[in-house]
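Below is one structure, written out as structure tokens; comments come after it.
Protein chains: 2
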Amino acid sequence: MDKYNLVFNSSSPKYLQLSEHIKGLITSGKLTNHYKLPSIRKLASHLKVSTSTVVQCYNNLEQDGFLYKKTGGGTYVIGDNNITSLKEEFSDISLENSVPFDLASATPSPVFFPVKTFKELINQVLDRDGGYAFNYQEEGGYLPLRQSLSSMLSNYKIYATSQEISIITGGQQGIDIVATALLEKDDYVIIESPSYPGAVASFNSRGANIIEVPIRKSGIDLIQLEKTLAQYNPKLMYLMPDFQSPTGYRYDLNCRKKVVELANKYNTFIVEDDHFSDLNYTSTPLPPLKSLDNKDKVIFIKSFSKVFMPGLRLALMLPPSSLYRQLNDVKKHTDISTSGLVQRAFDLFLREGLWEEHIKSTKHIYARRFSTALKMLERTLPWEVPFTHPSGGLCIWVTLPQQYDSQTLYFEALKKGVAILPGNRFYLNNNQHNSFRLSFTSVTEQEIEKGTKVLGNTVKQFLHEYRNLHHIKHEKDKFF
Amino acid sequence: MDKYNLVFNSSSPKYLQLSEHIKGLITSGKLTNHYKLPSIRKLASHLKVSTSTVVQCYNNLEQDGFLYKKTGGGTYVIGDNNITSLKEEFSDISLENSVPFDLASATPSPVFFPVKTFKELINQVLDRDGGYAFNYQEEGGYLPLRQSLSSMLSNYKIYATSQEISIITGGQQGIDIVATALLEKDDYVIIESPSYPGAVASFNSRGANIIEVPIRKSGIDLIQLEKTLAQYNPKLMYLMPDFQSPTGYRYDLNCRKKVVELANKYNTFIVEDDHFSDLNYTSTPLPPLKSLDNKDKVIFIKSFSKVFMPGLRLALMLPPSSLYRQLNDVKKHTDISTSGLVQRAFDLFLREGLWEEHIKSTKHIYARRFSTALKMLERTLPWEVPFTHPSGGLCIWVTLPQQYDSQTLYFEALKKGVAILPGNRFYLNNNQHNSFRLSFTSVTEQEIEKGTKVLGNTVKQFLHEYRNLHHIKHEKDKFF
Ligand SMILES: Cc1ncc(COP(=O)(O)O)c(C=O)c1O
Ligand SMILES: Cc1ncc(COP(=O)(O)O)c(C=O)c1O
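Taken in sequence, the protein lines are chains H and E.
Final position of the first sequence in this note's numbering is 476; the numbers increase by one with none missing.
Final position of the second sequence in this note's numbering is 476; the numbers increase by one with none missing.
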């Protein structure tokens, strides 16, 4: 109930103040769609106001389209669709009407999707295959696509037959399948810290114990990692060696080799989540963990969401052969099979050599945005606010001084029309956190220039005000 | 290892006899795709043959395309794609090259899919929405589709707002989401007996205890059901009130009411799996459990696979509002969101009133096949082999006399070019079972006529031979 707490002033009726407060909770995503509000009696007694204040407030919010009532079933939130970020826990959904400067979403911008080409391919598939494109697909996925992917993978030094590849409904599904197949309650799982909340949600749903190991510029902290492996004997580690989300860090070659060695030594599986490796702007590609894996420890998942189109819901999974059957059985009870139409159209896309072209042009666009963003941030952010300088991917990770809460900054920035992604969601303990993520997929270069300026000013002002406000506490902190 | 046992005769080389035996295991689905075969040494010692016999056998099978070898990694099965049924555990995948008379698959035939129309709608969507059709969709699903579905549901006497409906990637995903959200290890779940193996797979993956309650012509056995509810206090019951799979039985009105009452009385949820109710050929529609549910106990799942096109991977879920958030959170970590393109095209299909038309024409086709099939079975099956006479759906359930194994009949029928679906897979204890399922979606009326004749003769011969073979045992059985 604490989130409803507010200090009433005498400037306006209490029900209006309460309305504004609850509106704020909704637009900031603290109260999400379909959330059930406390009963009138309960809220009134909690806030020490009359029930009629709460009644008026709820009626008011209902009229404004923030709440709906169910006959006999209480009052519920209608989530705010106009604000991109906080309420979406991990899917980075970029909505059509969003804030002026959306530096939060890492979903590729729909304007760059090769819609015309893909439309043609869909039509070709339907003319060629008719209703068979709308049937269940064979186990493992549409065979010709698996063959195309097998040859695509050799470009990454991964050599796999079509029989070893599974086609799945997005990378998230791959993570969820692995969790379902391999984890039982109280099993241990290692993740990078910070990490991707979608994976955490899957591991949590199996009742696993998740352990965070810090990631640094050159990759996961190997000393911590080995200590954790020795201590907890985890079933798997979930890693993003290329342009990690949210930090943008990339494992160096040494780290890659060591991580695979450690997986062998401690007999644990690695889930390698590759969703960004193709968006390599300035560095030499490094071998995926899967290509270094000679003991069949790596479950390789390659999503086509971030480099192609998320709505396809398409990814590939390449597990060790010892896990193939088990993971496919789980895939089957998860959603039987992935859309045949999409698999067939994507197969043509690959066969016609359009993939390489697409990657090239996408990289070109994002590389420019990225370098503009990095240049601008150098200029606009104060020196006490460092940020990562990734050579690829879609994310930059910005760190405020220790005691500052990026969620508070989020609200400040939002008022000025800039959306950022507060860092707490990328940690298990998602209390306040001083880092935040920026991304530049939904904004043009001009918007990046303007948006980063606004952000820079907001950060400066935020640091300044916060310092004044917390002066005493701040001073006091120095003694500890 | 026991399945490899065989008694060698002297008529042909041992490696050939072993090859034939293993081929049989593969084509019958007892060894499935990617199954790892025992090592040469192990199998040789188990069968008491020389290792060179096994080497020759494996080479032979590899040449014939039944096996593949991995360097240093053993020998694996290449599943047989030409035979529809046994190896597919539950997804009813109907393959393009199948047996002459496929009476096993209950997947609608691709030739009846409205491909042309749907292709147009896809093009319309892409012209209208461009890349947005390939983006992640909003939580709960594409809002206009939810609105269309809300109005569709009122035809079933289900009144729900778009805010209460979730769009999911097929009915199987709905079952899996419910299992993940509601079940913990050792929780109890009630299913009908026989039931749908895909649901069982999901419940098993959560470590649930599954209890079977028999289904009869008028619905689930209410006395047994109440006893089981009282004894086990289950978290949920998974029910198919309309043209149950595999029996074709339909709950009568009384049974529907009682089941909902019992859910209230014993405070348990019902998963109502509606995948066939639209295929009602001759009876008056009965209200879905969801429409009788005034205590918010029913999670309604409506799949569009069987009445429309399975490869769309599209279904709706309408949970009690108390579960909405929880189930949507699981949906999110399962696959983030369902394909936006498919949702948008299906929305247009509904908005243009094409759904009713489609159902009408589909029903027309299947009703004729069904009545032909029933008529033919009356004629061709011996009197000791009763079968259900459903008024809708796609399945007929045939029962051999008690001691006969439908799996043995399956192999006999397959030799004659007829595929049936042995009953054991629809029970928890999937040892031998005397019932089997027939379906008529992948065969023309002529094929039904011919196929049922062949089947009838096979059954007669099977009963006859079996009786001779088991004469003594049979006689003996009488004393027990
Ligand atoms: C790090 C990471 N991995 C995996 C995914 C899942 O993406 P998809 O299921 O669309 O492939 C996401 C999506 O946001 C992500 O950020
Ligand atoms: C009884 C039953 N329910 C649900 C499903 C799942 O179908 P889908 O996921 O294609 O909607 C099937 C598929 O075979 C089925 O037979």
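C-beta atoms are modelled at their ideal positions from N, C-alpha and C, and glycine is treated no differently.
Computed from a predicted structure; not experimentally measured.
Straight-line gap, residue i to residue j (C-alpha atoms, nearest Å)
i	j	result
proline 306 of chain E	glutamate 352 of chain E	18 Å
asparagine 426 of chain E	serine 402 of chain E	11 Å
leucine 82 of chain H	leucine 390 of chain E	For leucine 82 of chain H, the predicted model reports a pLDDT of 35, less than 50, meaning its position is unreliable; a value from the coordinates is still stated below. Spanning the two alpha carbons is a distance of roughly 46 Å.
phenylalanine 4 of chain H	arginine 252 of chain E	52 Å
tyrosine 132 of chain H	valine 326 of chain H	16 Å
valine 255 of chain E	phenylalanine 272 of chain E	19 Å
leucine 14 of chain H	threonine 224 of chain H	47 Å
lysine 302 of chain H	valine 185 of chain E	39 Å
lysine 298 of chain E	threonine 368 of chain H	49 Å
arginine 321 of chain H	histidine 30 of chain E	7 Å
leucine 149 of chain E	proline 315 of chain E	13 Å
methionine 313 of chain E	lysine 456 of chain H	47 Å
leucine 282 of chain H	leucine 249 of chain H	7 Å
arginine 259 of chain E	isoleucine 392 of chain E	What sits at residue 259 of chain E in the sequence shown is alanine, not arginine. Distance between the alpha carbons of alanine 259 of chain E and isoleucine 392 of chain E: 29 Å.
phenylalanine 109 of chain E	leucine 310 of chain E	15 Å
proline 386 of chain H	tyrosine 245 of chain H	6 Å
threonine 80 of chain E	serine 35 of chain E	Any answer about threonine 80 of chain E is weak, because its pLDDT of 34 lies below 50 and its placement is not dependable; what the coordinates show is given next. So the two alpha carbons sit approximately 29 Å from each other.
alanine 177 of chain H	asparagine 324 of chain H	9 Å
tyrosine 155 of chain H	isoleucine 266 of chain H	18 Å
alanine 341 of chain E	proline 140 of chain H	25 Å
lysine 10 of chain E	threonine 49 of chain E	7 Å
serine 343 of chain H	glycine 167 of chain H	Correcting the residue identity first, residue 343 of chain H is aspartate in this sequence and not serine. So the two alpha carbons sit approximately 18 Å from each other.
threonine 264 of chain E	arginine 463 of chain H	54 Å
asparagine 55 of chain H	glycine 70 of chain H	12 Å
glutamate 84 of chain E	serine 198 of chain E	In this predicted model, glutamate 84 of chain E has a pLDDT of only 44, less than 50, meaning its place in the structure is not dependable; the value taken from the coordinates is given anyway. The straight-line gap from Cα to Cα measures roughly 16 Å.
arginine 421 of chain E	isoleucine 18 of chain H	53 Å
leucine 319 of chain H	serine 147 of chain H	22 Å
leucine 480 of chain H	phenylalanine 432 of chain E	What is shown of chain H runs -3 to 476, which leaves residue 480 of chain H out entirely.
serine 87 of chain E	glutamine 52 of chain H	Confidence in serine 87 of chain E is poor, its pLDDT being 48 and thus under 50, which makes the residue's placement unreliable; the coordinate value appears in the next sentence. Roughly 53 Å separates the two Cα atoms.
aspartate 238 of chain E	lysine 286 of chain E	13 Å
isoleucine 332 of chain H	glycine 194 of chain E	9 Å
Residues that DSSP places opposite residue i in a beta bridge
i	result
leucine 417 of chain E	E/Arg433
leucine 312 of chain E	E/Ile163 and E/Lys298
threonine 71 of chain H	H/Lys65
cysteine 391 of chain E	E/Ser435
valine 95 of chain E	In DSSP, valine 95 of chain E forms no bridge with anything.
valine 267 of chain H	H/Tyr234 and H/Ile295
lysine 286 of chain H	None, per the DSSP bridge assignment.
asparagine 276 of chain E	E/Gly388
phenylalanine 342 of chain E	DSSP output for phenylalanine 342 of chain E lists no bridge partner at all.
phenylalanine 383 of chain H	H/Val394
Give the residues from the stretch 97 to 119 of chain H that approach chain E closer than 8 Å (Cβ to any Cβ), ordered along the chain. Answer set for the stretch 97 to 119 of chain H: Thr103, Ser105, Pro106, Val107, Phe108, Phe109, Val111, Phe114, Lys115, Ile118 and Asn119.
Please list the residues of the stretch 281 to 307 of chain E that have a C-beta atom closer than 7 Å to any C-beta atom in chain H, keeping them in chain order. Under the 7 Å Cβ criterion, the stretch 281 to 307 of chain E contributes Met305, Pro306 and Gly307.
According to a CB-to-CB cut-off of less than 7 Å, which residues of the stretch 157 to 183 of chain H neighbour chain E? Here the close residues are Gln159, Thr165, Gly166, Gln168, Gln169, Asp172, Thr176 and Lys181.
Please list the residues of the stretch 127 to 157 of chain E that have a C-beta atom closer than 9 Å to any C-beta atom in chain B, keeping them in chain order. Going by chain labels, chain B is absent from the structure shown, which instead holds the protein chains H and E.
3-residue-minimum beta strand (DSSP E) runs that sit fully inside the stretch 185 to 249 of chain H, ordered along the chain: With a minimum length of 3 residues, the continuous beta strand (DSSP E) runs that stay inside the stretch 185 to 249 of chain H are 205 to 212 and 232 to 235.
Chain-ordered residues of the stretch 445 to 458 of chain H with a beta carbon less than 7 Å from chain E: Cβ contacts with chain E come from no residue of the stretch 445 to 458 of chain H.
Scan the stretch 422 to 436 of chain E for residues whose Cβ lies nearer than 7 Å to a Cβ of chain H and list them as they occur along the chain. Only those residues of the stretch 422 to 436 of chain E whose C-beta falls short of 7 Å from the nearest C-beta of chain H would be listed, and there are none.
Identify every run of the beta strand (DSSP E) within the stretch 7 to 70 of chain E, keeping only runs that are complete inside it and at least 3 residues long; order them along the chain. Note on the stretch 7 to 70 of chain E: whole beta strand (DSSP E) runs with a minimum of 3 residues are 63 to 66, in chain order.
What are the residues of the stretch 18 to 49 of chain E that lie near chain H, defined by any Cβ-Cβ distance shorter than 9 Å? Listed by position along the chain: Thr28, Asn29, His30, Tyr31 and Lys32.
For the stretch 52 to 69 of chain H, list every residue whose C-beta sits within 8 Å of some C-beta in chain E, in sequence order. Result list: Tyr64, Lys66 and Gly69.
Mind listing which residues of the stretch 332 to 346 of chain E have their C-beta closer than 8 Å to chain H's C-betas, in chain order? Result list: Ile332, Ser333, Thr334, Ser335, Gly336, Leu337 and Val338.
Could you run through the stretch 194 to 223 of chain E and flag, in chain order, every residue whose CB is less than 7 Å away from some CB of chain H? Look at the stretch 194 to 223 of chain E: the residues with a C-beta under 7 Å from a C-beta of chain H are Gly194, Ala197, Ser198 and Ser201.
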